[in-house]
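J.: Quick one: the structure is below, and I'll ask about it shortly.
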Amino acid sequence: MAADNVLNALDVAKTQWYHFTAIVIAGMGFFTDAYDLFCISLVTKLLGRIYYHVDGSSKPGTLPPNVSAAVNGVALCGTLAGQLFFGWLGDKLGRKRVYGLTLMLMVVASIASGLSFGKEPKAVMATLCFFRFWLGFGIGGDYPLSATIMSEYANKKTRGAFIAAVFAMQGFGILAGGIFAIIMSSIFNAIFKAPTYEVDPIASTVQQADYLWRIILMVGALPAAITYYWRMKMPETARYTALVAKNANQAAKDMSKVMQVEIKPDNVQPVQDSSNSFGLFSKHFARRHGLHLLGTASTWFLLDIAFYSQNLFQKDIFTAVGWIPPAKTMNAIDEVYRIARAQTLIALCSTVPGYWFTVALIDRIGRFAIQLLGFSCMTLFMFALGIPYHHWTLKENRIGFVIMYALTFFFANFGPNSTTFVVPAEIFPARLRSTCHGISAAAGKAGAIIGAFGFLYAAQSQDPAKVDAGYKPGIGVRNSLIVLGIVNFLGLLLTFLVPESKGKSLEEMSRENEEVRDETNVVEKDALNNSLSYV
Numbered sequence: 007m008a009a010d011n012v013l014n015a016l017d018v019a020k021t022q023w024y025h026f027t028a029i030v031i032a033g034m035g036f037f038t039d040a041y042d043l044f045c046i047s048l049v050t051k052l053l054g055r056i057y058y059h060v061d062g063s064s065k066p067g068t069l070p071p072n073v074s075a076a077v078n079g080v081a082l083c084g085t086l087a088g089q090l091f092f093g094w095l096g097d098k099l100g101r102k103r104v105y106g107l108t109l110m111l112m113v114v115a116s117i118a119s120g121l122s123f124g125k126e127p128k129a130v131m132a133t134l135c136f137f138r139f140w141l142g143f144g145i146g147g148d149y150p151l152s153a154t155i156m157s158e159y160a161n162k163k164t165r166g167a168f169i170a171a172v173f174a175m176q177g178f179g180i181l182a183g184g185i186f187a188i189i190m191s192s193i194f195n196a197i198f199k200a201p202t203y204e205v206d207p208i209a210s211t212v213q214q215a216d217y218l219w220r221i222i223l224m225v226g227a228l229p230a231a232i233t234y235y236w237r238m239k240m241p242e243t244a245r246y247t248a249l250v251a252k253n254a255n256q257a258a259k260d261m262s263k264v265m266q267v268e269i270k271p272d273n274v275q276p277v278q279d280s281s282n283s284f285g286l287f288s289k290h291f292a293r294r295h296g297l298h299l300l301g302t303a304s305t306w307f308l309l310d311i312a313f314y315s316q317n318l319f320q321k322d323i324f325t326a327v328g329w330i331p332p333a334k335t336m337n338a339i340d341e342v343y344r345i346a347r348a349q350t351l352i353a354l355c356s357t358v359p360g361y362w363f364t365v366a367l368i369d370r371i372g373r374f375a376i377q378l379l380g381f382s383c384m385t386l387f388m389f390a391l392g393i394p395y396h397h398w399t400l401k402e403n404r405i406g407f408v409i410m411y412a413l414t415f416f417f418a419n420f421g422p423n424s425t426t427f428v429v430p431a432e433i434f435p436a437r438l439r440s441t442c443h444g445i446s447a448a449a450g451k452a453g454a455i456i457g458a459f460g461f462l463y464a465a466q467s468q469d470p471a472k473v474d475a476g477y478k479p480g481i482g483v484r485n486s487l488i489v490l491g492i493v494n495f496l497g498l499l500l501t502f503l504v505p506e507s508k509g510k511s512l513e514e515m516s517r518e519n520e521e522v523r524d525e526t527n528v529v530e531k532d533a534l535n536n537s538l539s540y541v
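The sequence shown begins at 7 in this note's numbering and counts up one residue at a time.
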């Protein structure tokens, strides 16, 4: 039972240095993912000032609605496509063979995004959107592959913490994007002095500001490029080699090289019993895992509607409550600085701690409890912000609004934003694990697209006189927050479709241990029949 030997050795292996190395190697992909996906929200106001200035206007230029939606959302569209494609490819070719490809795509597309060319605004925005789509495509591949690789390397006692730690690198990516934008905008402000927009509309946006957004976008390539070599050195996961490639002896050799575990492979190779090799669209899969896939996909979908609308457009919410001053009272670079400072403060005080609370507690209290708690608190805070919204816009209450808003981020990350990533990597069979994680993640990105595009229009004021240029009146920030509260409540209800995987092996959750035993029995029965035929 070579496969059983390998799987059992992985499940009981002590936490060791290679586990932490794998967390960093996989996690740097998510560091880059978060930096690249969220740094665009730091520079969209600057892009509007540079490329869409209107002479004589009392307000700085802003991106037209369709352009803003495309710039903010095109990477999410690419991510959705990448999650489905690379999730499927990871099960067909193996995790390792496609893992480096996603990283190189991210590096090239990050650099190309900053080099977006053209003399006219349309040309610059079109090339920026083109490269950000492919950036998203590479980022999408990182979701199923990193989660699956980490789950298949980990032991069952600390598996949840290891997968969550990979995902938690997102928090550092968001933080790094904000800090880098603060540093670069401070340097540009010091070197290239400029008046505010209301003093001199033209001079408030210095020519060199065009370099600032490009530098911020391009730096996202660095962490991915640095970790490429180590990704290529990682062996294929033992679970894929043993259960999908059906080579338990090779799996034992690979794991013995990188982990301090004694695995004694034998020469018995499990053969594939076709009765157990059900596909994704089979009735057998629907009976065994259909509700699980519905649960992981729907909760991720609903979570990302709320999470991405908050993240991508928090600068608009901060402006609405007066935390960021009116645009005309700042120059272009100062506006980048203030938006970055606000987002960094939220990331430092709520986003990053939320991720690491999950890492610390996920293997103690379980995935289900954390997800239920997170959705519950997000629902309460969204209603608490939305229903008395006018109260929070009063000057003396604005700090209270920011604190409440930060708490929704904390419980998103110490909650469903982490657990929706972890669970799909644990509950499906090895041969479909990457595909099912990709489907769940793609459902999440579909929610993110709705959140990003929908909130852009929905959050516009109901008063036509207060609507941003190019937009139609929406339902307002207050009603948008109430809608997001309802979305979170639906996520809470659908959490009951997701099974608890705390303390259980991957094979126990996917019931592959039954399949391995069935296949081994077939081998032993054939061997017995052969021996009897010689008698």
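Don't be surprised by glycine CBs; every beta carbon is placed ideally from N, CA and C.
Between the beta-carbon of K510 and the beta-carbon of K20, is there less than 8 Å?
T.: Contact: no.
J.: Just confirm the distance between the C-beta atoms of E432 and R165, as a whole number of angstroms; I'd bet it's less than 8 Å.
T.: 7 Å
J.: Does the region 451–460 come within contact of the region 108–120, defined as at least 3 CB pairs closer than 8 Å?
T.: In short, these stretches do not touch, since the Cβ pair count stays below three.
J.: Excluding the 5 residues flanking G179 on each side, which residues of the same chain have their C-beta closer than 6 Å to its C-beta?
T.: Excluding sequence neighbours, G179 sits near F37, A40 and Y41.
J.: Relative to the C-alpha of L467, which residue among G406, H396 and E506 is closest?
T.: It should be pointed out that residue 467 corresponds to Ser in this sequence rather than to Leu. When only C-alpha atoms are compared, the closest one is H396.
J.: I227 to S116, Cα distance in whole Å?
T.: In the sequence as presented, Ile is not what sits at residue 227; that position holds Ala. Roughly 5 Å separates the two Cα atoms.
J.: So what does DSSP say about T164, is it helix, strand or coil?
T.: coil
J.: Which residue wins for smallest C-alpha separation from K508, given the options M240, T202, W362 and I376?
T.: I376
J.: Give me the Cα-Cα distance between G460 and G54, rounded to the nearest whole angstrom.
T.: 20 Å
J.: State the Cα-Cα distance for the pair T385 and L490, rounded to the nearest angstrom.
T.: Cα to Cα, T385 sits roughly 8 Å from L490.
J.: Residue range of the alpha helix (DSSP H) that I409 falls in?
T.: R404 to N419
J.: In the DSSP assignment, find the alpha helix (DSSP H) that holds M240 and state where it starts and stops.
T.: Taken as a continuous stretch (DSSP letters only), M240 belongs to no alpha helix (DSSP H), as it is neither H nor E.
J.: Examine the Cβ distances between the region 54–65 and the region 409–422 and report whether three or more of them are shorter than 8 Å.
T.: no
J.: In this structure, does DSSP put G120 in helix, strand or coil?
T.: helix
J.: Considering Cα atoms alone, identify which of R437, D216 and P332 is closest to A248.
T.: R437
J.: Helix, strand or coil for S511? Go by DSSP, reduced to three states.
T.: coil
J.: Rounded to a whole number of angstroms, what is the C-alpha to C-alpha distance between F363 and N485?
T.: For F363 and N485, the distance between alpha carbons rounds to 31 Å.
J.: Please state whether the Cβ-Cβ distance between T48 and Q316 is less than 8 Å.
T.: Reading off the sequence shown, one finds Leu at residue 48, where the question assumed Thr. Their beta carbons are not under 8 Å apart, which means L48 does not touch Q316 by this criterion.
J.: For A231, which residues from the same chain have a beta carbon less than 6 Å from its beta carbon, with the 5 sequence-adjacent residues on both sides left out?
T.: V113
J.: When the distance is taken between beta carbons, is T302 closer than 8 Å to V504?
T.: Judged by their CB atoms, V504 and T302 are nearer to each other than the 8 Å cut-off.
J.: Would the region 147–155 count as touching the region 83–96 if we require 3 or more Cβ pairs under 8 Å?
T.: yes
J.: Only counting the same chain, and skipping five residues up and downstream in sequence, which positions put a Cβ closer than 7 Å to that of Q256?
T.: T247
J.: If I measure Cβ to Cβ from Q214 and keep anything under 7 Å in the same chain, skipping five residues before and after, which residues do I get?
T.: F194 and F198
J.: Along the chain, where does the alpha helix (DSSP H) containing V489 start, and where does it finish?
T.: Taken as a continuous stretch (DSSP letters only), the alpha helix (DSSP H) holding V489 covers G482 to L500.
J.: Just the C-alpha distance for L223 and Y314, rounded to the nearest angstrom, thanks.
T.: 19 Å
J.: Please say whether V365 and A171 have beta carbons closer to each other than 8 Å?
T.: Annotated as proximal: A171 and V365, with beta-carbon spacing under 8 Å.
J.: By DSSP, does K531 sit in helix, in strand, or in coil?
T.: Reliability of the predicted coordinates at K531 is poor, the pLDDT of 49 falling under 50, and the value obtained from them is presented with this limitation in mind. DSSP places K531 in helix when its eight states are reduced to three.
J.: Consult DSSP for V80 and reduce its assignment to one of helix, strand or coil.
T.: helix
J.: With burial defined as no fewer than 16 other Cβ atoms inside 10 Å of the residue's Cβ, what is the status of N423: buried or exposed?
T.: buried
J.: Where does G147 sit, in a helix, a strand or coil, going by DSSP?
T.: helix
J.: Check V277 in the structure and name its three-state DSSP category.
T.: Caution is warranted here: a pLDDT of 41 is assigned to V277, below 50, making its placement in the model unreliable, and no coordinate value can be reported.
J.: Quick check on I46: buried or exposed, where buried means 16 or more other Cβ atoms within 10 Å of its Cβ?
T.: It is buried - the Cβ of I46 has at least 16 other Cβ atoms within 10 Å.
J.: Taking all protein chains shown into account, do 16 or more other C-beta atoms lie within 10 angstroms of the C-beta of T202, making it buried, or fewer, making it exposed?
T.: buried
J.: What would DSSP say about H397, mapped onto helix, strand or coil?
T.: helix
J.: Is the beta carbon of G1 less than 8 Å from the beta carbon of L308?
T.: Residue 1 is absent from the model: the chain starts at 7 and stops at 541.
J.: In whole angstroms, what is the alpha-carbon distance linking L82 and N337?
T.: Distance from the CA of L82 to the CA of N337, rounded to the nearest whole angstrom, comes to 30 Å.
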